[in-house]
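Counting in the numbering used here, the sequence shown runs from 2 upward without gaps. We put the beta carbon where it would ideally sit given N, CA and C, even for glycine. Read through the structure below, which is laid out as structure tokens, and then see the notes.
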Amino acid sequence: LVLMGMGGNVGIGTDSPSTLLEARANTATTDAILTLRQLGSGDSSIDFQTSTSPFGFCMGVDGSDSDSFKISTGLGNVGTDTRLTITSGGDVYIGNSIYK
């Protein structure tokens, strides 16, 4: 259920969202989980944007890199300008340096 609150805020599980988008769960058996799922061969990511270059950060799963989790500068492509990588095997890279 998606409800529009006062001021144009959108609530999922609430009719009084306090931010632009708020999702609530209030049960003992269900966690509050937000899922972004890519059913094709592309990436699944979220952008955090600003109005100045490099315009923020992008974080998500890089489908072309064995589904590694990445944080990148810039927008819309987790595989470009990568600053942090966590591989599915648990290795952590900051820039090009590996930390185990």
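Length of the line joining the Cα atoms of residue i and residue j
i	j	result
D68	T86	10 Å
G80	S73	7 Å
S17	N27	14 Å
T53	N78	17 Å
D48	D63	14 Å
R84	I99	12 Å
D32	L40	23 Å
Candidates the options, of which the one nearest residue i by Cα
i	options	result
T20	A29, A26, N10	N10
G43	D32, K101, P55, D66	D66
G96	G90, I13, I47, D82	D82
L76	G64, G91, M60	M60
Which residues DSSP lists as bridging residue i, in chain order
i	result
L85	I72, I95
G57	Q50
D63	S69
S45	V62
Nearest-angstrom Cβ-Cβ length linking residue i and residue j, presumed shorter than 8 Å
i	j	result
L37	A24	Their Cβ separation, rounded to whole angstroms, is 13 Å, which puts L37 and A24 out of contact at 8 Å.
Heavy atom of the ligand ZN within 7 Å of residue i beta-carbon
i	result
D66	The ligand ZN is not among the ligands present in this structure, which contains no ligands whatsoever.
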